[in-house]
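Protein chains: 2
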Amino acid sequence: MQLTLESDYAIRIISVIAEGWNDPSESEAAASVRMDAKSISDISGVPLRFSLKILRKLVAGGLVRSYKGTRGGYELAKAPNQISVLDVVEITEGKIHINRCISKDFVCTRPAEGPCKFKKCFDDISAEIRNSMRNITFDRFIE
Amino acid sequence: MQLTLESDYAIRIISVIAEGWNDPSESEAAASVRMDAKSISDISGVPLRFSLKILRKLVAGGLVRSYKGTRGGYELAKAPNQISVLDVVEITEGKIHINRCISKDFVCTRPAEGPCKFKKCFDDISAEIRNSMRNITFDRFIE
DNA sequence: TTTAAATATACCATATCGGTAGATTTTTTG
DNA sequence: CAAAAAATCTACCGATATGGTATATTTAAA
């Protein structure tokens, strides 16, 4: 019942990129400062190579935009207040469900027939966890 | 972010033993029917050898009482409504805290000085999860 | 005294996790 | 156009935790 270290890293990474966010003013559009992976790694403390791997997931998940080539790098694809801890965790780990019953390819060994009597409770708890995480957005970590 | 299969098993096991529970009446004291590991394993679908291992943890955790020798076996040490899913999970997995910062021997690689800015959120979520699980007691699974 | 149970301890195989490496593609810039 | 700097793709690797098993021992009832 722990987040993986990868999720932990992903949260740090989003948080680091979010530091460069400027809210839109009347004169200018909203903008995320572009950062390259090396800087992200240095500031977050996540090993460079592993950062790159995680960043790819975050790009695929639609939280981050990437740009190749010289002057390339990463930007947030959304405002920090539109990105939740849940978004990040589920991109790295898949959808949260505390129990295995739900997982694909899981064969329950309970010999009893009929639906598992624990399933509903587990589902409820999973939903509560997801709600808690959905309420935490990255604007609150900007310093 | 999943319970281990061991926790899942432990929940089943407690539930199986709880089936034999009789609430105290005026004439009789409360009583849990004594069951041997083989029966528990058969009914729960948890491999015998692994059941024994889990049962030892549950005994050590104070949820179950064991008796050696012929006619030995296992009983609940408390009424089902006094045993929560949280109790069982924390006996098998240790205290729930979703993030590693708190774990013994974890060295955070965040280069920033000062307390981790994510810690409080994680602590809050962990507390919510624990509350959810504490509210689910085994009386509700008795059929 | 025999038998049926739990206990202690130790071991093992596999999957997942955390992390790394090399070759390739894309883009900017000189 | 060429070179450099960035991301991407694919693949691999080692350690650890997890799920599971085996053996020998202890305890208690019949």
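Respectively, the protein sequence lines represent chains A and B.
So the first sequence is numbered by the numbering used here: it starts at 37 and just counts up by one.
So the second sequence is numbered by the numbering used here: it starts at 37 and just counts up by one.
Don't be surprised by glycine CBs; every beta carbon is placed ideally from N, CA and C.
Note that this is a predicted model, so its numbers are computed, not measured.
Give the interface partners of residue i over in chain A, defined as CB-CB distance under 7 Å, in chain order.
i, result
"B:GLY81", "THR145, ARG146 and PRO147"
"B:ILE172", "CYS157"
Work out the CA separation of residue j and residue i for me, nearest whole Å.
i, j, result
"B:TYR45", "A:SER102", "44 Å"
"B:LEU39", "B:LYS155", "22 Å"
"A:ILE50", "B:GLY108", "56 Å"
"B:ASN135", "A:LEU112", "24 Å"
"A:ASP59", "A:ALA115", "8 Å"
"A:THR128", "B:LYS153", "20 Å"
"B:LEU99", "B:LEU88", "14 Å"
"A:CYS144", "A:GLU64", "56 Å"
"A:ALA9", "A:GLU126", "Residue 9 of chain A lies beyond the stretch modelled for chain A, which goes from 37 to 179, so this question has no answer here."
"A:ASN171", "B:ALA67", "45 Å"
"A:ILE178", "A:ILE53", "10 Å"
"B:ALA163", "B:CYS157", "10 Å"
"B:LEU41", "B:SER77", "15 Å"
"B:VAL124", "A:ARG48", "32 Å"
"A:GLY150", "A:ASP160", "19 Å"
"B:GLY11", "A:ARG176", "Nothing can be reported for residue 11 of chain B: it is not among the residues displayed for chain B, which extend from 37 to 179."
"A:ASN117", "A:THR106", "29 Å"
"B:SER43", "B:PHE142", "23 Å"
"B:CYS137", "B:PHE174", "32 Å"
"B:PHE86", "B:PRO147", "42 Å"
"B:ILE79", "A:MET37", "26 Å"
"A:SER75", "B:SER75", "59 Å"
"A:LEU84", "A:SER61", "34 Å"
"A:LYS104", "A:TYR110", "9 Å"
Got a sec, what are the start and stop residues for the alpha helix (DSSP H) residue i sits in?
i, result
"B:LEU91", "84-96"
"A:ARG48", "41-54"
"A:SER80", "73-80"
How many whole angstroms separate the CB atoms of residue i and residue j, which I take to be in contact at a CB cut-off of 8 Å?
i, j, result
"B:GLY56", "B:VAL69", "3 Å"
"B:VAL121", "B:MET169", "5 Å"
"A:ILE132", "A:ARG166", "6 Å"
"B:ALA73", "B:LEU94", "At roughly 11 Å, the Cβ-Cβ gap does not stay under 8 Å, so B:ALA73 and B:LEU94 are not in contact."
Who are the neighbours of residue i on chain B, taking C-beta pairs under 7 Å?
i, result
"A:ASP44", "ASN135 and ARG136"
"A:LEU94", "Within chain B, no residue comes near A:LEU94; the closest Cβ sits about 17 Å away, beyond 7 Å."
List, in chain order, every chain B residue whose beta-carbon is nearer than 9 Å to that of residue i.
i, result
"A:PHE29", "Absent from the model: residue 29 of chain A. The displayed extent of chain A is 37 to 179, so no value can be given."
Just the chain A side, please: which residues come within less than 9 Å of residue i by C-beta, in chain order?
i, result
"B:ILE132", "MET37 and GLN38"
Residue range of the beta strand (DSSP E) that residue i falls in?
i, result
"B:SER120", "Counting along the chain, B:SER120 falls outside any beta strand (DSSP E), and DSSP gives it neither H nor E."
"B:ARG166", "Looking at the DSSP string, B:ARG166 is not in any beta strand (DSSP E); the run it does join, the alpha helix (DSSP H), is 155-170."
"A:GLY109", "109-112"
"B:ARG70", "Where B:ARG70 is concerned, there is no enclosing beta strand (DSSP E), given that its DSSP letter is neither H nor E."
"B:ARG101", "100-103"
Could you tell me which chain B residues have their CB closer than 8 Å to the CB of residue i, listed as they occur along the chain?
i, result
"A:LEU41", "ARG136"
Which residues, taken in chain order from the segment 46-63 of chain A, show a beta carbon closer than 7 Å to some beta carbon of chain B?
-> Of all residues in the segment 46-63 of chain A, the ones placed with a Cβ closer than 7 Å to any Cβ belonging to chain B are ILE47 and ARG48, in chain order.
Using Cβ-Cβ distances below 8 Å, what residues of the segment 97-124 of chain A are close to chain B?
-> VAL121
Interfacial residues, the segment 153-170 of chain A to chain B, with Cβ spacing under 7 Å = LYS153, PHE154, CYS157, ILE161, GLU164, ILE165, SER168 and MET169
Can you give me, in chain order, the residues of the segment 69-80 of chain B that have a beta carbon less than 8 Å from any beta carbon in chain A?
-> ASP78, ILE79 and SER80
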